[in-house]
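> My structure is below; once you've seen it, I'll send some questions.
Protein chains: 2
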Amino acid sequence: MLSFEQELSGYDIKKWADWSLKLFYWSPSFSQIYSELKRLEKHGYVTSRTVMQDDVRGKRVYAITDTGREAVRNWSRTAPVEAPVLKHGVLLRVWLGHLTEPERLHEIVAEHRDNSERRRAEAAVDADAAHGETAWAYPELALKWAERYHAAERDLAEQMLRDLDELAASGRATEPVPLPPDSPSLAPRLPGVPSTE
Amino acid sequence: MLSFEQELSGYDIKKWADWSLKLFYWSPSFSQIYSELKRLEKHGYVTSRTVMQDDVRGKRVYAITDTGREAVRNWSRTAPVEAPVLKHGVLLRVWLGHLTEPERLHEIVAEHRDNSERRRAEAAVDADAAHGETAWAYPELALKWAERYHAAERDLAEQMLRDLDELAASGRATEPVPLPPDSPSLAPRLPGVPSTE
DNA sequence: GGTTGGTATTTCTATTAGAAACACACTGCG
DNA sequence: CGCAGTGTGTTTCTAATAGAAATACCAACC
Chain A
1010 MLSFEQELSG YDIKKWADWS LKLFYWSPSF SQIYSELKRL EKHGYVTSRT VMQDDVRGKR
1070 VYAITDTGRE AVRNWSRTAP VEAPVLKHGV LLRVWLGHLT EPERLHEIVA EHRDNSERRR
1130 AEAAVDADAA HGETAWAYPE LALKWAERYH AAERDLAEQM LRDLDELAAS GRATEPVPLP
1190 PDSPSLAPRL PGVPSTE
Chain B
1010 MLSFEQELSG YDIKKWADWS LKLFYWSPSF SQIYSELKRL EKHGYVTSRT VMQDDVRGKR
1070 VYAITDTGRE AVRNWSRTAP VEAPVLKHGV LLRVWLGHLT EPERLHEIVA EHRDNSERRR
1130 AEAAVDADAA HGETAWAYPE LALKWAERYH AAERDLAEQM LRDLDELAAS GRATEPVPLP
1190 PDSPSLAPRL PGVPSTE
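Sequence order for the protein chains is A and B.
Residue numbers for the first sequence follow this note's numbering, beginning at 1010 and rising by one.
Residue numbers for the second sequence follow this note's numbering, beginning at 1010 and rising by one.
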């Protein structure tokens, strides 16, 4: 992110990542960002200086070095093309469809479809904001890709709803045994169990 | 995975996850699987027994308990619908397009398009293998979804290639300064630097 | 005057990945 | 026969990453 040639603090990076990077990559945690910046500086890939905001408060901003720029450029050009990593909780629950009543499963997928459409619209707004700025030509391409990606995700959910309906109509959907009203529950966390005793 | 009612060892789970779950979720590591099975057993969600394969060697297989089945069922029905997590290295490199020569970027995206088509075809084969088995009705739906997902990913890559060509034609693609032949390199790891001194 | 919210960073714990080591069985090959 | 390679099955170690909380200070708002 520093290769865009602006001085950034750890906090700046987190905000920017949440806003932009998040559309096609996970946004790293604060602890990750701050420790990584220190490591990058130790290796000479970035330098830092303290900017005073008033008499008392300062913040540390980082800038990329020539070494760092060449290193990240070299990475981007030569790293192997790897498969995207996906963690799709909704699909996991479809895969485990035998656990859920067909109507509830339908609801879950429908909610995902609606969320996808909302995310598509958000990406469209961001892509418009970047439009025309030469400095943001590539980020704009990524945003346009994100817009289409979420549209595809929405359509895939729509098709899944049809598949689920068809399965229910065919009678091959196995209804699970009903739960007692106060069944023990895993916290909504995946894939493990809560670490609490 | 144990809710499919088969006794499985940690090794079985890893193999199955690599084969099937991987299409829409990450496949957990061995260390994660084995420690999680122990924790699940401590909480009473699974039980285990040792199966002797010959006089010397045995393996530990796990089975879900009633408590465990109700817990995972409850999770699947009530967990909030969360956004899928995506880590798309190729898109990250497009976003950082100012670092790479346009021709090289084109190659990277083209390779990703080809990989997506290959993965689509693989999912199609697996979906056929599951076809018709009532016990695998939901996994089959997930596989069909994966097939369409990879087709969409392929098409999005194709469209990205057109966008890249258009950007290059417009002259707004900023060619990076050439690298000296022996530039320092980051290991192909993201987003940090290698931890070696 | 007190609450809320934003900036900015550190620290702690838990989760997860990844590699390696270990042990044994089976197969193919010279 | 010996032996390399491959697959099953599990454990252990280290590193990476997430997530929450704590700390501070300032500004805006009621």
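All C-beta atoms, glycine included, are put in the ideal place defined by N, C-alpha and C.
#1: Evaluate residue 1180 of chain A with the Cβ neighbour count: other Cβ atoms within 10 Å of its Cβ, from every protein chain shown; 16 or more gives buried, anything less gives exposed.
#2: Please confirm whether any heavy atom of the ligand ZN lies closer than 6 Å to the CB of residue 1127 of chain B.
#3: From A:1177, A:1043, A:1029 and A:1032, pick the residue whose C-alpha is nearest to that of residue 1113 of chain A; which is it?
#4: For residue 1025 of chain B, which residues from the same chain have a beta carbon less than 7 Å from its beta carbon, with the 5 sequence-adjacent residues on both sides left out?
#5: Name the residues in the region 1114–1136 of chain A whose C-beta lies less than 8 Å from a C-beta of chain B; which are they?
#6: Hey, out of A:1175, A:1086 and A:1135, whose CA is closest to residue 1107 of chain B's CA?
#7: Could you spell out where the beta strand (DSSP E) holding residue 1057 of chain B opens and where it closes?
#8: Excluding sequence positions up to five away, which residues of its chain have a Cβ less than 7 Å from the Cβ of residue 1072 of chain A?
#9: Do three or more CB pairs link the region 1152–1168 of chain B to the region 1129–1143 of chain B at distances below 8 Å?
#10: Would you report the Cα separation of residue 1065 of chain B and residue 1051 of chain B, rounded to the nearest angstrom?
#11: Suppose contacts are defined by Cβ-Cβ distances below 7 Å. Is residue 1150 of chain A in contact with residue 1103 of chain B by that definition?
#12: Could you spell out where the alpha helix (DSSP H) holding residue 1066 of chain B opens and where it closes?
#13: Taking three-plus beta-carbon pairs below 8 Å as touching, is the region 1038–1047 of chain A in contact with the region 1163–1171 of chain A?
#14: Just the chain B side, please: which residues come within less than 7 Å of residue 1085 of chain A by C-beta, in chain order?
#15: Express the C-alpha separation of residue 1021 of chain B and residue 1067 of chain B in angstroms, rounding to a whole number.
#16: For residue 1163 of chain B, count neighbouring Cβ atoms within 10 angstroms of its own Cβ and tell me buried if that reaches 16, exposed if not.
#17: Go through its chain and collect everything with a Cβ distance to residue 1189 of chain A's Cβ below 8 Å, but skip five positions before and after it.
#18: Smallest Cα separation from residue 1109 of chain B: which of A:1100, A:1080, A:1091 and A:1134?
#19: Is any beta-carbon of chain B found at less than 7 Å from that of residue 1193 of chain A?
#20: Between the Cα of residue 1153 of chain B and those of B:1070, B:1091 and B:1135, spot the shortest distance and give me the residue it belongs to.
#21: Can you check whether the CB of residue 1099 of chain B is closer than 7 Å to the CB of residue 1115 of chain B?
#22: Mind pulling the chain A residues with CB within less than 8 Å of residue 1012 of chain B?
For this structure:
#1: As a first step, residue 1180 of chain A is located in the first sequence; it is residue number 171 there, counting from the start. Exposed, since its Cβ has fewer than 16 Cβ neighbours within 10 Å.
#2: Judged by which ligands are present, the structure shown has none, so any question about the ligand ZN falls away.
#3: Position 104 of the first sequence, counting from 1, holds the residue named residue 1113 of chain A. It is A:1177.
#4: Here residue 1025 of chain B refers to the residue found at position 16 of the second sequence. In the same chain as residue 1025 of chain B, and ignoring 5 residues on each side of it, the C-beta atoms closer than 7 Å to its own belong to 1010, in chain order.
#5: 1117, 1120, 1121, 1124 and 1128
#6: The residue labelled residue 1107 of chain B in the question sits at position 98 within the second sequence. Closest by alpha carbon: A:1086.
#7: On the second sequence, position 48 is the one that residue 1057 of chain B refers to. Start and end: 1055–1061.
#8: Against the first sequence, residue 1072 of chain A aligns to sequence position 63. Here the set comprises 1011, 1016, 1055 and 1056.
#9: Yes, since at least three Cβ pairs between the region 1152–1168 of chain B and the region 1129–1143 of chain B fall closer than 8 Å, the two stretches touch.
#10: Within the second sequence, the letter at position 56 stands for residue 1065 of chain B. Within the second sequence, the letter at position 42 stands for residue 1051 of chain B. For residue 1065 of chain B and residue 1051 of chain B, the gap between their C-alpha atoms comes out near 27 Å.
#11: Here the question's residue 1150 of chain A lines up with position 141 in the first sequence. Here the question's residue 1103 of chain B lines up with position 94 in the second sequence. It is a contact, given that the beta carbons lie within the stated cut-off.
#12: Walking along the second sequence from the start, residue 1066 of chain B turns up at place 57. Where residue 1066 of chain B is concerned, there is no enclosing alpha helix (DSSP H), because DSSP gives it neither an H nor an E.
#13: no
#14: As a working mapping, residue 1085 of chain A is identified with position 76 in the first sequence. Within chain B, the residues near residue 1085 of chain A are 1102, 1105, 1108 and 1109.
#15: Walking along the second sequence from the start, residue 1067 of chain B turns up at place 58. Walking along the second sequence from the start, residue 1021 of chain B turns up at place 12. In a straight line, the C-alpha of residue 1067 of chain B is about 14 Å away from that of residue 1021 of chain B.
#16: As a working note, residue 1163 of chain B is residue 154 in the second sequence. Residue 1163 of chain B comes out buried.
#17: Along the first sequence, one-based indexing puts residue 1189 of chain A at 180. Model confidence at residue 1189 of chain A stands at a pLDDT of 40, short of 50, so the residue's coordinates are unreliable and nothing is read from them.
#18: Locating residue 1109 of chain B in the second sequence gives position 100, counting from the first residue. The shortest Cα separation from residue 1109 of chain B among A:1100, A:1080, A:1091 and A:1134 belongs to A:1080.
#19: Stepping through the first sequence from its first residue, residue 1193 of chain A is reached at position 184. In this prediction, residue 1193 of chain A scores a pLDDT of 38, lower than 50, which makes its location untrustworthy; the coordinate-derived value is nonetheless stated afterwards. Chain B contact via Cβ: present.
#20: Taking the first residue of the second sequence as position 1, residue 1153 of chain B is located at position 144. Nearest option by C-alpha distance: B:1135.
#21: Mapped onto the second sequence, residue 1115 of chain B falls at position 106. Mapped onto the second sequence, residue 1099 of chain B falls at position 90. No.
#22: Against the second sequence, residue 1012 of chain B aligns to sequence position 3. In chain order: 1105, 1107 and 1108.
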